[in-house]
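Number of protein chains: 2
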Amino acid sequence: MKNEEIKVVFEPSGRSVYVLPGTPLLEAAGRAGIVLQTPCGGLGTCGKCKVQIVGESEPSLACQTRVDKTMVVDVPMESRFDSRQQILVTDSGETGELSPVVRKVPFVLDPPSQVDARSDMARLYDALGDFVVAPSDLIRTVPIFMRRNEWKGTAVLIADRLIALEEGDTTAEAYGVAFDLGTTTVVGTLFDLTTGIEKGVASRMNAQISHGDDVISRIQKIRETPGALTQLQEAVLGTVNDILDTLVSQAGVAAKHIYEVVVAGNSTMQQILAGYDPSALGEVPFVQVFDKATTLSANRLGLRVNAAAELYLFPQVGGFVGGDTVAGMVAARLDRQEAPVLFVDIGTNGEIVLANGDKLLSSSTAAGPAFEGARIKQGMRATTGAVEKVIITDDVVLNVIGNTRPIGLCGTALIDAVAALLTVGIIDDTGRILGPDEVPDSVSDMLKQRLIAGEHDFNFELASAEESGNDDPVYLWQRDVRELQLASGAIRAGINILLRKAGLDAKDLGSVLLAGAFGNFIRRNHARRIGLLPSLPTEHIRFIGNAASLGAKLVLLSKNERRYATEIRHKVEHVDLSMDPEFQMEFGMAMMFPGPEADLL
Amino acid sequence: MKNEEIKVVFEPSGRSVYVLPGTPLLEAAGRAGIVLQTPCGGLGTCGKCKVQIVGESEPSLACQTRVDKTMVVDVPMESRFDSRQQILVTDSGETGELSPVVRKVPFVLDPPSQVDARSDMARLYDALGDFVVAPSDLIRTVPIFMRRNEWKGTAVLIADRLIALEEGDTTAEAYGVAFDLGTTTVVGTLFDLTTGIEKGVASRMNAQISHGDDVISRIQKIRETPGALTQLQEAVLGTVNDILDTLVSQAGVAAKHIYEVVVAGNSTMQQILAGYDPSALGEVPFVQVFDKATTLSANRLGLRVNAAAELYLFPQVGGFVGGDTVAGMVAARLDRQEAPVLFVDIGTNGEIVLANGDKLLSSSTAAGPAFEGARIKQGMRATTGAVEKVIITDDVVLNVIGNTRPIGLCGTALIDAVAALLTVGIIDDTGRILGPDEVPDSVSDMLKQRLIAGEHDFNFELASAEESGNDDPVYLWQRDVRELQLASGAIRAGINILLRKAGLDAKDLGSVLLAGAFGNFIRRNHARRIGLLPSLPTEHIRFIGNAASLGAKLVLLSKNERRYATEIRHKVEHVDLSMDPEFQMEFGMAMMFPGPEADLL
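Line order of the protein sequences matches chains A and B. For the first sequence, position 108 matches number 108 in the working numbering, and the numbering has no gaps at all. Convert by adding 1000 to the 1-based position in the second sequence; the result is the number in the working numbering.
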């Protein structure tokens, strides 16, 4: 085992990662959470992923540059996929506009006089435009507000609803927060709604984690324990409030100037946040409480933002295909692609959307938590001490997060290890780890020595106790390969069934979009090698980063995007895989690994 | 003084009144609160005021029949101005429909299955129709409701807002209450919204009365006393709740089945009910808080009705022209009359609307409380012991409410007395009560003996201590005549200014509509004699009863009427009389009584 990590620092964010030599800079950026624009799929033809390596005279294309030394890389705003630029000009060249539903309108009204004795509200409505309506509680405050402030102030509107009046001209202070509400991690991004500029990001573990790792265990808890729904709702609201507190304190803005919170989460997370019982998602036929976009009072939920602020929950499609997937579809413009496109968000559940023109099919598969390191014997999340990359040639090279001794395997390393062992012939197509006597002659002795016999099978030693420096060696266990086959097979079976329903073949796909944090880290050729993704040229497999988060930002910043979210949701037909008579057969077949031809693309 | 009252009982309501012999049955009915249809103005030509006097073989026309003996009169529904018939077929022959904004929709949904896994809300929305929206708090209850009730129940909607779900089929139980919210009296009428049938009426004194008799004194209290707004709001809400309690207990319906409350009140009453500070109505330029129709949560106000019920406040025009006037305009179809029409609602304030086609001018005048008996030396409200009618020939004939000894004068008697004394020549055009030596020769000695000298003037003895049987005689004081001149002059000046603004003359008026409780009791010829109303043939002066109450009922029962309320309000231009340079001159002239020619019409 060797470890030759190289540090790469990205400016202006200052984020850094350690990668193995030869890693494409594009991938290194992705692992640092910086997703670059690659409409050409990383072929070096579009020139959009331009970056400046500090010390070099000319800019470089991140997709064509490999990390060979410690470097500081300056990433211009326009190269980022999730930049504000991206909001205004999408892949397809459409131009959008900054048009948040939250508006601030400063006003100076004429005071009442004998020649103009309109009512207080008529005076205000005349200044704000037709169709504006105010709730009774606000109307009640108007007479005093106007007379105390000499008929001047700032009106805060959400769409055509007047939600607040503020003293003075506060039009420069209008903020909103877009949340990516994950089962494991919650990320909030604060935006200045008057400029569209990002003012900060903060994330926290979802405090619901103490009630179960995945959505199924949390739903079970709610089904079985009276009061658990409230407990879980309070847990996630606590997390959201912690993030809000961090955002406002870091950015130096006032919480009362946050008027809208947009949330994209999976069906279970969105429903629990709203206090809607997700129990029906815990049994066949997996029914959601709602599917239209839904607005709640932030104040009623106890969020520490303006008392009249609103919380927007994304529309949901059905079953486990929730608001995060719709947000991803919005970010990816999934109904506006020329060739058929497959959108895959891999996590505890795998959400798959197949877009063929503006006909969309969606499905979710219980991928199982294998990709997040759970159920893997020495699995762990992608944190310090996790092996996150495995390279196998004559021997094994590991990359460990935090540059420390390896403790266990995270999901990407699991895929790497299996893909590499398939390629060298140590694992066969059925997923069995072969014994030293069964492997092809080309396998080195160093690798053969790592094949450790168990009771009924062999396991592969990634790092011996000596190499790891811990008491325990780190193994890829035969059982781990089986877990990966289940997880990967479920997603691939879903992909195959959607393709079949659409009358398409994998080769018809113009591109595969990998969304989500995990999709961001996966090695595309390895995902294809294990059969998780169809056999397509690597450059057709694109990372689109945290598409749910980007979708949430778009919807926060533009009412056109909000309409689009509703529109695209209505183009989706949800497919319940368990209802498909072919599913078991597809699943069984997809659990088999592809032959060596998968390496040739 | 003679007193020869005759009792008349009206069926099926059972209401009774005592009237002097010779009183038209139409007037007796009006005094019993039963307003009959008289599109011909009481000329006996339209035949719409048909009633059946019990014991007689043929029906009679109430306008052509005089009370000459105790009688029981059967009033058919179709003869009533404010009958349900009236709602469906108006004067102009339009047909309306029963279409309350509150709707109940029973539903039986298919339970979720693998072939139909729509979300709970999608299932419900699909049954209720497009455009229906539900608030988040209701969505939260849906999953449990549906599973407990086997996907069956009744949805309650207000317009397109889903407000409640009820177990079983409760479509037969849907009620609403229309309120006429007066400064002095509050009247609520309970309606079955599925049939349009009136289920009961209840009224109470407005409990705000302890904070001041008229709106001005209540506004002053609010301006001067911290917390008074809340006190006055609570007082009127208490009155409204008392009425609601009475209505549900009398009708035997459940309070939770009342889903809407419609309120028509003057600007001050509507604003205090909503908790909106009316202080700006207490000073020039008399500014209202709002003028669009406004909806409040009945629950937030603490009304004892369904928790999700709404309260509708009528649109307001400006200044003291409030929701009651708009409701009256709705009831009277004021913008749909062929000839110019004058609408007058006489109370503490006089509200005047002049309609010329669909151009409407409105105004309010501080008539002063003279018409309600206040500021009159021996004035009182129209309750037991009040002289309510005065007939003067050779001597004085009084009609006393409750057939008891006279204690004081109410507003109608004040007008009667002054009109009669003008006719016999005891009061001159300037309003002075003449001395015995100044009166015309035709005045009888009996009347002359009633002229009692004061310090600087004469007063007229309506009942001596002996006649009244009390310790005190009842006088019409010279000062009372001055108060009446102020009150009547203010209204007449308003009428004249509106006519002038519209380029019309009094003789162009097709009709004068007298609305409100007081308008109901006034003697038309006497009102004209004192100059309160222009010189028009009596038959052109029509009583339209409690038009505000009727308007509130219409709006409760029909969404078309609700749209009409908003529409007609926008046709009205509000005229601030105090801004008119001619007002002082008009007012001064209108305080003079007309000459004897006013009797000749």
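The C-beta atom is built at its ideal place from N, Cα and C for all residues, glycine as well. Predicted, not measured: the structure shown is a model, and the values here were computed from it.
Interface residues of chain A facing residue i [CB-CB closer than 9 Å]
{"i": "MET1077 (chain B)", "result": "By Cβ distance, chain A contributes nothing, its closest Cβ being about 37 Å from MET1077 (chain B), past 9 Å."}
{"i": "GLN1316 (chain B)", "result": "SER119"}
Chain-ordered chain A contacts of residue i [CB-CB under 7 Å]
{"i": "GLN1233 (chain B)", "result": "The contacting residues do not exist; GLN1233 (chain B) stays about 10 Å from chain A at best."}
{"i": "PHE1286 (chain B)", "result": "ALA117"}
{"i": "SER1060 (chain B)", "result": "Neighbours of SER1060 (chain B) on chain A: none; closest Cβ ~49 Å, over 7 Å."}
{"i": "LYS1501 (chain B)", "result": "The premise fails here: LYS1501 (chain B) is roughly 15 Å from chain A at the closest Cβ pair, so nothing lies under 7 Å."}
{"i": "ASP1291 (chain B)", "result": "SER119, MET121, ALA122"}
{"i": "ASP1576 (chain B)", "result": "GLN114, ALA117"}
{"i": "GLN1270 (chain B)", "result": "Ordered by position in chain A, no residue passes the 7 Å Cβ test against GLN1270 (chain B), which lies about 11 Å from the chain."}
Contact set between residue i and chain B, taken where Cβ atoms lie within less than 7 Å
{"i": "GLY275 (chain A)", "result": "ARG1140"}
{"i": "LEU296 (chain A)", "result": "SER1136"}
{"i": "LEU585 (chain A)", "result": "Inspection of the sequence shows that residue 585 (chain A) is occupied by Met rather than by Leu. Residues of chain B passing the Cβ test: none, with the nearest at roughly 18 Å."}
Distance between beta carbons of residue j and residue i, contact taken as under 8 Å
{"i": "ASP1576 (chain B)", "j": "MET121 (chain A)", "result": "Going by Cβ atoms, the distance from ASP1576 (chain B) to MET121 (chain A) rounds to 18 Å, so no, they are not a contact pair."}
{"i": "ASP1068 (chain B)", "j": "GLN1052 (chain B)", "result": "In fact, because the Cβ distance is near 17 Å, the residues do not count as touching under 8 Å."}
{"i": "ALA1225 (chain B)", "j": "ASN1206 (chain B)", "result": "The displayed chain sequence assigns Thr, not Ala, to residue 1225 (chain B). The Cβ separation is near 18 Å, so there is no contact."}
{"i": "LEU1157 (chain B)", "j": "ARG1103 (chain B)", "result": "5 Å"}
{"i": "LEU1026 (chain B)", "j": "GLY1047 (chain B)", "result": "Not quite, the Cβ-Cβ distance comes to about 13 Å (not below 8 Å), so this is no contact."}
{"i": "ILE258 (chain A)", "j": "ALA309 (chain A)", "result": "6 Å"}
{"i": "VAL1572 (chain B)", "j": "LEU1360 (chain B)", "result": "4 Å"}
{"i": "LEU1303 (chain B)", "j": "VAL1240 (chain B)", "result": "7 Å"}
{"i": "GLU97 (chain A)", "j": "SER549 (chain A)", "result": "Contact flag wrong, Cβ pair sits at about 21 Å."}
{"i": "VAL1177 (chain B)", "j": "LEU1193 (chain B)", "result": "Not confirmed; about 10 Å, so no contact."}
{"i": "VAL1019 (chain B)", "j": "ALA1028 (chain B)", "result": "5 Å"}
{"i": "LYS1377 (chain B)", "j": "ASP1480 (chain B)", "result": "6 Å"}
Neighbour list for residue i in chain B, Cβ cutoff strictly below 8 Å
{"i": "VAL341 (chain A)", "result": "Those do not exist, as VAL341 (chain A) stays about 25 Å from chain B at its closest Cβ, beyond 8 Å."}
{"i": "PRO112 (chain A)", "result": "ALA1280, PRO1285, VAL1287"}
Per-residue contacts from residue i into chain B (C-beta, under 9 Å)
{"i": "MET592 (chain A)", "result": "What MET592 (chain A) touches in chain B: nothing, since even the nearest Cβ is about 28 Å away."}
Contact set between residue i and chain A, taken where Cβ atoms lie within less than 8 Å
{"i": "MET1579 (chain B)", "result": "GLN114, VAL115"}
Beta strand (DSSP E) segments (min. 3 residues) lying fully within the segment 1403-1490 of chain B: 1451-1453, 1458-1463, 1474-1476
Interface residues of the segment 1138-1152 of chain B facing chain A [CB-CB below 7 Å]: ILE1139, ARG1140, VAL1142, PRO1143, ILE1144
Near-chain B residues of the segment 472-486 of chain A - C-beta to any C-beta below 7 Å: none
Against chain B: residues of the segment 319-331 of chain A by CB proximity under 8 Å: GLY319
Cβ pair count under 8 Å reaching 3, the segment 133-141 of chain A against the segment 152-164 of chain A: yes
Cβ contact (3+ pairs, closer than 8 Å) linking the segment 285-302 of chain A and the segment 262-276 of chain A: yes
Segments assigned alpha helix (DSSP H), at least 4 residues, entirely inside the segment 133-193 of chain A: 136-148
Touch test, the segment 1259-1266 of chain B against the segment 1172-1188 of chain B, Cβ-Cβ under 8 Å, three pairs minimum: yes
Stretch-stretch touch, CB-based, cutoff 8 Å, three pairs: the segment 562-580 of chain A with the segment 522-534 of chain A: no
The segment 355-362 of chain A contacting the segment 500-508 of chain A, beta-carbon criterion three pairs below 8 Å: yes
Any beta strand (DSSP E) of 3 or more consecutive residues that is wholly inside the segment 1510-1559 of chain B: 1511-1515, 1541-1545
Length at least 4, wholly inside the segment 300-366 of chain A: the alpha helix (DSSP H) runs in chain order: 323-332
The segment 330-350 of chain A touching the segment 459-472 of chain A, judged by at least three CB pairs closer than 8 Å: no
Segment contact flag, the segment 224-241 of chain A with the segment 141-154 of chain A, C-beta cutoff 8 Å, min 3 pairs: no
Sufficient close CB pairs (3 or more, under 8 Å) joining the segment 385-400 of chain A to the segment 443-453 of chain A: yes
Ordered list of beta strand (DSSP E) runs contained in the segment 8-74 of chain A, each at least 3 residues: 15-19, 50-53, 71-74
contact_flag[the segment 483-492 of chain A, the segment 586-595 of chain A] where n(CB pairs < 8 Å) is 3 or more: yes
Runs of alpha helix (DSSP H) lying entirely within the segment 1224-1299 of chain B, each at least 4 residues, in chain order: 1228-1251, 1267-1274
Touch test, the segment 477-485 of chain A against the segment 431-439 of chain A, Cβ-Cβ under 8 Å, three pairs minimum: yes
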